[in-house]
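Residue numbers (our numbering), protein chains in the order written: chain H, 75 to 429; chain B, 6 to 297; chain F, 101 to 338.
Where is the CB? At the ideal position from N, CA and C, for every residue including glycine.
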Amino acid sequence: MRNLGIAAVSAALLLALTYLLDPFRDYQLATAAAYLCAAAGLTVLIGVNGQLSLGHGALMAFGAYPVALVQNELADRGVSAQWTLAVSVLAGVAAATALGAVVGVAAARLHGPYLAGLTLVVAVAVPSLATLFGGVLHGDQGLSVYLLPPPAALGPDFPFERWQAWLALAAAVLTMLLLANLMRSRFGRTLRAVRDDEVAARLAGIPVARTRVLAFVVSAACAGLSGAMFAILAQSVSPSAFALTLSLNLLLAVVVGGLGSLAGAVWGSLLLVLLPWLVDTFTADLTLSPDLRQRLAGNLPLAIFGLLLVVVMIAAPGGVQGLLKGVLKHVPQVLAPAVRGRRRSAGGLDDRLQR
Amino acid sequence: MDRFVFLTVDGLSRGAVYAAFALALVLIWRGTRIINFAQGVMAVVTAYLAYSISNATGSYWVGFIVALASGLVLGAVVELAVMRRVEHAPPLNAVIVALGLVLFGQGVLGMIYGNQYRPAEAPFSRVAMTVAGVPVVSRYDLFVFGAVLVLMLAVAALFTRTATGLRMRAAAFEPMVSRLLGVNVARTLTLGWALAGLVGALAGLLVLPTGLGLHPTAMDLVFVSAFTAAVVGGLDSPAGAVVGGLVVGLVLSYVGGYVDSAATPLAVLGLLVAVLLVRPGGLFSGTTARRV
Amino acid sequence: MSALLEVTGLTAGYHGVPVLHEVDLTVRAGTICAVLGANGAGKTTLLRTLSGLVRPAAGRIVLDGAELRDLPVHELVRRGVAHVPEGRGVIAELTVDENLRLGGLWRGGGRALRQAVDQMYELFGPLAQRRGYPGHLLSGGERQLLALGRALVGRPRLLLLDEPSLGLAPRLVAQIMALLRQLRDDTGLAVLLVEQNVRSALSVADQAVVMSLGRVVTAAPAAQVADDAALRHAYLGF
Ligand SMILES: Nc1ncnc2c1ncn2[C@@H]1O[C@H](COP(=O)(O)OP(=O)(O)O)[C@@H](O)[C@H]1O
Ligand SMILES: [Mg+2]
């Protein structure tokens, strides 16, 4: 299977890469990988199936909180081993998948702004659960996540950030592998058929509503995994980490990278990590008052993200991947087979938005 | 019983604001089939402007007037500079562009004003006046009711009594025919956005002093409540928006008062899901099915 | 008398595919010109191109010496062109009175508009009793009268009518044709009349243009077209 080969090679390369990077870079890489899990899932939902979700930040919260709860609960009961992490992450994925199924069923008949509005309300409403169940979830303050140091077998000086990067990269590679296969499968074609023309799909015997719900569930599972990784990276969970802005950032990653393309999700996730860092580096060189620097810190990237979203959507709805495609069209014929391969692996690179 | 009276008045007062905000959404939806997801952040921008002007001049009312005027301008600018370019694209594009504006606006506000909450000043007392020993309604509530009522009457008069209103309605229903009859449809759309900007600005000014305060994301919850109100009312109907707003205001007030204030966002979600599943055309829809 | 509307070499279509091919057409003031042809011949497209809804790829549209082809649609009424679209285009959500006012709104509101609308009520008696009715409550015939009246409120020099007889009772069709004749004679109105109902169109028209597959195959006095059996058989199906 070609995808499996690609996945193995990228995993090996990434593993090697983590040894070359310092802990801070490893942490950035881990963050991008964690974003990628959710962004890739969202790509399948928006780009391939045509359902917009603004609620993926909330699904990530459902992936993250169980990690904290299960890790801490097991630690309190004296169960302290690396394997508990697998259980916690699975619990997170399961919780997010369950919420995804519920939202997916509610959303199955909705389109356009109605679907966007419903998922937006989900994104705004879910963080309030932390306050509502403050006894367990500790409100705005959130929970810390009990984590063991990296396994001793990795050596005594193994940085914790590299261990986090391994976990997040494993999650991202696994997600990409599964989604790439899914997009090339019969189910992938079904998803696209429903996106392109619901009536035609229905006439062709495709159960439209079930397909849409399934797309939501798959995408929610990815968001759950992503949220679980964020819990591991931050070693804490709180509602403010999963606010509406997170959902909008994910949307940005998916749109700027190129709707409908998993490769685009990679570009988008890197952008989410690199842009704030670039802005910080840039403003650090300027002589600014501490107050102004603080105001710029979170907000300048936000403004740039917003501007990017608007500009990309108006000027280049195909995103980075669409632009690459355009450039690759003009390379000499010798490279043509490679280009074709790339196109196919990119799946349903989306013409929908240019239509 | 006292509590019920208090919650009802409070719900109606909040509902009046949601109604105004929902009206802003409906105005744009009718003309362009776009839900303006940036309506909330646009209102916050004007509210910050009011804050700065009021601080500089020492007068609440100068800030108030400037905010309304800037809402009008902002609405027109957003339509002309941005939304016009996606009006004929698939609906997803307009949603995404509007959300881009949300991030952009919140980022810019954060850069200028920082991310701490600032108090939003109320021009009248928010302490309820008592009638026969029962606290009923505050001066500020009365101001809210009055302002929204004046706004609604003015909008209704604009649409039913003026040539401009006739053009706007015609362009919203039948853009092609309207163009043949000499209506500059593009201009009516700009006007619609401008009007919505003003209405949204007023709603923002009225709602922020009621415990929300000034913050770049302060209108997020108001937006989803007003969106729900607009859907409850049927999205196409200004009168529906009013009723929907009052319904949502009351529901939120009762849930906040009798259950838990942290449960109000979930109540909005429940209400929206219920309406979308049971009566997707809104509570006042006829028999015509609507694709949602 | 010189031509009011002079169309030359007009080529237009949808999505880059031409539907009209080098159409030439002349309409003089105070005359009715019937545009005939089978379904899909391009008659509607011709009218839509004249009023700016479809942008021509080539050709000229000259009204009274002025080029129209690059004007926005909403400017056309200001030049004296009124287009009653196929399917009538009554705005169902607006009342009869509002629909009528809309037709003259570009001239400005006020007393003059009120007078123009009242004139239409005199001309179209049935509408006077329906002033406050929303468009969707009208019968097919009432809608056609309303669409026609709305176009006339703006006092156009050139009226583009797309199949006014569609779905109407013969008596009403005759009334409409008589009205067109009267307007032509009394006010010097020029009419470009697209019709499937060939007989009644030819009965009022001065000139006739026969279209087929987007081309003008004949342009001649109406009587001559009515007498040309071969032409009728070939293109008009009777
Ligand atoms: N909106 C449109 N998009 C694409 N093709 C169209 C459109 N409207 C009409 N056509 C095509 O143009 C041709 C002429 O149509 P039309 O002008 O409506 O003819 P007529 O009015 O004479 O029946 C037909 O072949 C029709 O399919
Ligand atoms: Mg036709």
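(request) Per DSSP, which residues does F/Val-181 bridge with? Please list them. (result) Translated into positions along the third sequence, residue 181 of chain F becomes position 81. F/Leu-258, per the DSSP bridge assignment.
(message) Using 8 angstroms as the cut-off, can you tell me whether the stretch 206-214 of chain H makes contact with the stretch 336-345 of chain H, which would need three or more C-beta pairs spanning the two stretches below that distance?
(response) At 8 angstroms Cβ cutoff, the stretches do not touch.
(message) Restricting to Cα atoms, I'd like to know which of B/Leu-277, B/Val-283, B/Leu-288, B/Met-6 is closest to B/Gly-138.
(response) One-based indexing of the second sequence puts residue 138 of chain B at position 133. The residue from B/Leu-277, B/Val-283, B/Leu-288, B/Met-6 with its alpha-carbon nearest to that of B/Gly-138 is B/Met-6.
(message) Let me check you understand the geometry: is the CB of F/Val-184 closer than 7 angstroms to at least one non-hydrogen atom of ligand 1?
(response) Taking the first residue of the third sequence as 1, we reach residue 184 of chain F at position 84. At a threshold of 7 angstroms, F/Val-184 does not count as near ligand 1, since its beta carbon sits no closer than that to any of the ligand's heavy atoms.
(request) Count the other C-beta atoms from every protein chain shown that fall within 10 angstroms of the C-beta of H/Ala-242, then say buried if there are 16 or more, exposed otherwise. (result) Position 168 of the first sequence, counted from the start, is the residue given in the question as residue 242 of chain H. By the beta-carbon neighbour count (other beta carbons within 10 angstroms, threshold 16), H/Ala-242 is buried.
(message) If the cut-off is 7 angstroms on Cβ atoms, which residues from the stretch 198-214 of chain F count as contacting chain B, listed in chain order?
(response) The stretch 198-214 of chain F vs chain B, Cβ under 7 angstroms: Glu-198, Arg-201, Leu-202, Gly-203, Leu-205, Trp-206, Gly-209.
(request) Just the C-alpha distance for B/Trp-198 and B/Arg-89, rounded to the nearest angstrom, thanks. (result) Residue 198 of chain B sits at position 193 when you count from the first residue of the second sequence. Residue 89 of chain B sits at position 84 when you count from the first residue of the second sequence. A direct Cα-Cα distance of roughly 11 angstroms separates B/Trp-198 from B/Arg-89.
(message) Let's see if you can read the secondary structure: which residues bound the alpha helix (DSSP H) around B/Thr-169?
(response) As a first step, residue 169 of chain B is located in the second sequence; it is residue number 164 there, counting from the start. Its alpha helix (DSSP H) spans residues 168-178.
(message) Determine, for H/Pro-187, whether the minimum Cβ-Cβ distance to residues of chain B falls below 8 angstroms.
(response) Here the question's residue 187 of chain H lines up with position 113 in the first sequence. By this cut-off, H/Pro-187 is an interface position.
(message) So, does the stretch 14-27 of chain B touch the stretch 199-212 of chain B, judging by three or more C-beta pairs under 8 angstroms?
(response) At 8 angstroms Cβ cutoff, the stretches touch.
(request) Answer yes or no: the CB of F/Thr-149 versus the heavy atoms of ligand 2, is any distance below 7 angstroms? (result) Counted from its first residue, the third sequence places residue 149 of chain F at position 49. No - ligand 2 has no heavy atom lying nearer than 7 angstroms to the Cβ of F/Thr-149.
(message) Here's a check: name, in chain order, each residue in its chain whose Cβ is nearer than 8 angstroms to the Cβ of H/Val-394, leaving out the five neighbours to either side.
(response) One-based indexing of the first sequence puts residue 394 of chain H at position 320. Result list for H/Val-394: Val-330, Gly-331, Gly-332, Gly-338, Trp-341, Gly-342, in chain order.
(message) Is it buried or exposed, B/Glu-84, if we count other Cβ atoms within 10 angstroms and call 16 or more buried?
(response) Reading the second sequence from its first residue, position 79 is the one you call residue 84 of chain B. In the assembly as shown, B/Glu-84 is a buried residue. Its beta-carbon has 16 or more other beta-carbons within 10 Å.
(request) Thinking F/Asp-197 and F/Gly-232 are a contact (beta carbons under 8 angstroms), I'd like their distance in whole angstroms, please. (result) By one-based count along the third sequence, residue 197 of chain F stands at place 97. By one-based count along the third sequence, residue 232 of chain F stands at place 132. That pair is a contact at about 7 angstroms.
(request) With a cut-off of 6 angstroms, give the chain-ordered residues whose Cβ is closer than this to any heavy atom of ligand 1. (result) In chain order, the hits are F/Tyr-114, F/Val-119, F/Gly-137, F/Asn-139, F/Gly-140, F/Ala-141, F/Gly-142, F/Lys-143, F/Thr-144, F/Thr-145.
(request) Determine, using beta-carbon pairs with one atom in the stretch 117-133 of chain H and one in the stretch 259-274 of chain H, whether at least three such pairs fall under 8 angstroms. (result) Contact between the stretch 117-133 of chain H and the stretch 259-274 of chain H is present, because at least three Cβ pairs lie under 8 angstroms.
(request) Measure from the C-beta of B/Gln-111 to each C-beta in chain H and report whether the shortest distance is under 8 angstroms. (result) Looking up residue 111 of chain B in the second sequence gives position 106. Interface residue (Cβ-Cβ distance to chain H less than 8 angstroms): B/Gln-111 is classified as such.
(message) Rounding to the nearest angstrom, what Cα-Cα distance links B/Gly-45 and H/Gly-174 in this structure?
(response) Working through the second sequence from its first residue, we reach residue 45 of chain B at position 40. Working through the first sequence from its first residue, we reach residue 174 of chain H at position 100. Rounded to the nearest whole angstrom, the CA to CA distance from B/Gly-45 to H/Gly-174 is 26 angstroms.
(message) At the level of alpha carbons, what is the spacing between H/Ser-84 and H/Trp-237?
(response) Residue mapping note: residue 84 of chain H aligns to position 10 of the first sequence, counting from 1. Residue mapping note: residue 237 of chain H aligns to position 163 of the first sequence, counting from 1. Cα to Cα, the separation comes out at about 17 angstroms.
(request) Check the Cβ of B/Glu-84 against every Cβ in chain F and list those closer than 8 angstroms, keeping chain order. (result) Position 79 of the second sequence, counting from 1, holds the residue named residue 84 of chain B. By Cβ distance, chain F contributes nothing, its closest Cβ being about 18 angstroms from B/Glu-84, past 8 angstroms.
(message) Under 8 angstroms, Cβ to Cβ, is there at least one residue of chain F near B/Leu-32?
(response) By one-based count along the second sequence, residue 32 of chain B stands at place 27. Contact with chain F is absent for B/Leu-32, since none of that chain's Cβ atoms lies less than 8 angstroms from the residue's Cβ.
(request) Output yes or no for whether 8 angstroms exceeds the beta carbon distance between H/Gly-166 and H/Ala-302. (result) Here residue 166 of chain H refers to the residue found at position 92 when the first sequence is read from its first residue. Here residue 302 of chain H refers to the residue found at position 228 when the first sequence is read from its first residue. Yes. Within cutoff.
(request) Can you grab the Cα-Cα spacing for the pair B/Leu-104 / B/Ile-40, in whole Å? (result) The residue given as residue 104 of chain B occupies position 99 in the second sequence. The residue given as residue 40 of chain B occupies position 35 in the second sequence. Distance from the CA atom of B/Leu-104 to the CA atom of B/Ile-40, rounded to whole angstroms, is 11 angstroms.
(request) Would you kindly report the start and end of the unbroken beta strand (DSSP E) that includes B/Ser-143? (result) Numbered from 1 along the second sequence, position 138 holds the residue referred to as residue 143 of chain B. Start and end: 139-143.
(request) Might you give, ordered along the chain, the residues of its own chain that have their beta carbon closer than 6 angstroms to the beta carbon of B/Ala-125, omitting 5 neighbours on each side? (result) Taking the second sequence and counting its residues from 1, one reaches residue 125 of chain B at position 120. Spatial neighbours of B/Ala-125 in its own chain (CB-CB distance under 6 angstroms, excluding positions within 5 residues in sequence) are listed in chain order as Leu-213, Pro-214, Gly-218, Leu-219.
(request) Out of F/Ala-290, F/Ala-326, F/Ser-300, point me to the one whose CA is closest to F/Ser-102's CA. (result) Numbered from 1 along the third sequence, position 2 holds the residue referred to as residue 102 of chain F. When only C-alpha atoms are compared, the closest one is F/Ala-290.
(message) With H, G and I counted as helix, E and B as strand and the rest as coil, what does DSSP make of F/Gln-219?
(response) The sequence position of residue 219 of chain F within the third sequence is 119, counting from 1. Helix.
(request) Name, going along the chain, the residues of the stretch 189-201 of chain B whose beta-carbon falls closer than 8 angstroms to a beta-carbon of chain F. (result) So the close ones are Asn-189, Val-190.
(message) Can you tell me where the beta strand (DSSP E) holding F/Met-311 begins and where it ends?
(response) Counting from one through the third sequence, the residue named residue 311 of chain F turns up at place 211. Start and end: 307-312.
(message) Taking 6 angstroms as the limit between beta carbons, can you name the residues of its chain near H/Ser-162, skipping five residues before and five after?
(response) Position 88 of the first sequence, counting from 1, holds the residue named residue 162 of chain H. The beta carbon of H/Ser-162 sits closer than 6 angstroms to those of Val-141, Val-144, Gln-145, all from its chain and outside the five residues before and after it, given in chain order.
(request) Under 8 angstroms between beta-carbons, which chain B residues line up against H/Ser-202? List them in chain order, please. (result) Along the first sequence, one-based indexing puts residue 202 of chain H at 128. At a beta-carbon threshold of 8 angstroms, the residues of chain B lying near H/Ser-202 are Ala-267, Ala-268, Thr-269, Pro-270, Leu-271, ordered along the chain.
(message) Taking a contact to mean a Cβ-Cβ separation below 8 angstroms, would you say H/Phe-316 touches H/Pro-201 in this structure?
(response) As a position in the first sequence, residue 316 of chain H is number 242, starting the count at 1. As a position in the first sequence, residue 201 of chain H is number 127, starting the count at 1. In contact: H/Phe-316 and H/Pro-201 (Cβ atoms closer than 8 angstroms).
(message) So with CB distances below 8 angstroms, who are the chain H contacts of B/Arg-90?
(response) Position 85 of the second sequence, counted from the start, is the residue given in the question as residue 90 of chain B. The answer, in chain order, is Ile-388.
(message) ligand 2 and F/Asp-328: does the residue's C-beta get closer than 7 angstroms to at least one heavy atom of that ligand?
(response) Along the third sequence, one-based indexing puts residue 328 of chain F at 228. F/Asp-328: no, Cβ never under 7 angstroms from ligand 2.
(message) Taking 8 angstroms as the threshold (beta carbon to beta carbon), is F/His-400 in contact with chain B?
(response) Outside the displayed span of chain F (101 to 338) sits residue 400 of chain F, for which this structure offers no information.
(request) Name, going along the chain, the residues of the stretch 355-383 of chain H whose beta-carbon falls closer than 7 angstroms to a beta-carbon of chain B. (result) Answer in chain order: Arg-369, Leu-370, Gly-372, Asn-373, Leu-374, Leu-376, Ala-377, Phe-379, Gly-380, Leu-381, Leu-383.
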